[in-house]
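Heads up: the sequence shown begins at 1 in UniProt numbering, then just goes up one per residue.
We treat Cβ as the ideally placed atom computed from N, Cα and C, and that holds for glycine.
Notes to accompany the following structure.
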Amino acid sequence: MPEATASDNGSDGVQIDLFSGNRMANLTSMEKIRLILDGVRDGNIVILEEGLSPDEESKLIEVTMAEISPDEFNGIEIETYPRSQTADQSFLDRLMGRQSTQKLTVIGPANQIQTLHKDENLISALVSRK
């Protein structure tokens, strides 16, 4: 999936940043977290082609909690859509209980994105303007 940015060019739209798995693979865990949080703090919706590892997700939440400020930053909303377990993991990974990071992840400002419905085939969210 190519990397893309949908910009609002000053209108009342919502910017969506799509990051490819290749782009994220070359970053350290803290670089990924900073890239995500910087985008979300700017009011953007960030979509990752491949999700974060469980440790990276935990660290993202930890850093987010430390940065929450009532007047400036309300936190994040994060939803993941896992890909087929059999397609993403080897037999050994499934046997050992290792989780794959092969999942679509949507992250946005907590005050702008609300999950309406989530199941194994669909994430439905309402995105509001700033």
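Opposing strand residues paired with residue i [DSSP bridges]
| i | result |
| --- | --- |
| T105 | L48, T80 |
| Q114 | L126 |
| S69 | F73 |
| D119 | L122 |
Spatial neighbours of residue i in its chain, beta-carbon cut-off 7 Å, leaving aside the 5 residues before and after
| i | result |
| --- | --- |
| G75 | T64, I68, A110 |
| L126 | Q114, L116 |
| F73 | R41, E67 |
| P82 | K103 |
DSSP-derived helix/strand/coil call for residue i
| i | result |
| --- | --- |
| D55 | helix |
| D38 | helix |
| L60 | helix |
| N22 | helix |
Classification of residue i by the beta-carbon crowding that lies within 10 angstroms, buried from 16 upward
| i | result |
| --- | --- |
| Q114 | exposed |
| M30 | exposed |
| L52 | buried |
| N44 | buried |
| E62 | exposed |
| G13 | exposed |
| T28 | exposed |
Contact set for residue i: own chain, Cβ-Cβ below 6 Å, skip 5 residues either direction
| i | result |
| --- | --- |
| L60 | I33 |
| E77 | G108, A110, I113 |
Same chain only: Cβ atoms within 8 Å of residue i, ignoring 5 sequence neighbours per side
| i | result |
| --- | --- |
| D119 | none |
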